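S.K.: Structure in structure tokens, see below.
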Amino acid sequence: MTRSACSSTRLTGALQVLDAPARRRALWRYPLMTIGVFWHIHREAFTLWRKRVPFFSKPAQAAVVATRSHSSQPPISKH
């Protein structure tokens with residue numbers, strides 16, 4: 516068998532409606548999931564801060580819009 520750089524993944528499960536009871540069941544089934552995600556994000560941020568990795572904030576929005584919306588473009592004529 517040859518190995519390639521591509522990976523193959525598969526996700527299986529049953530499709531369910533996302534109503535209030537389903538959300539409640541998910542919350543009670545995985546109560547620490549939110550806390551775990553919060554912990555891992557902040558632990559990684561602390562590690563980067565400790566290594567003195569520079570933080571680049573989002574640049575200010577440009578005063579002039581560089582693109583046009585589709586509605587303001589003239590229609591393409593067919594000859």
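FYI, in the numbering used here the residues of the sequence shown are 516 to 594. Glycine residues also receive a C-beta, built at the ideal position from the N, C-alpha and C atoms. Keep in mind the model is a prediction, meaning the values are calculated, not measured.
Taking only three categories from DSSP, how would you classify ARG539?
M.R.: helix
S.K.: Starting from the C-beta of ALA581, find all residues in its chain whose C-beta is less than 7 Å away, skip the five residues before and the five after it, and write them out in chain order.
M.R.: none
S.K.: Among LEU563, LEU547 and VAL532, which residue has its Cα nearest to the Cα of PHE571?
M.R.: LEU563
S.K.: Pick helix, strand or coil for LEU563, following the three-state DSSP scheme.
M.R.: helix
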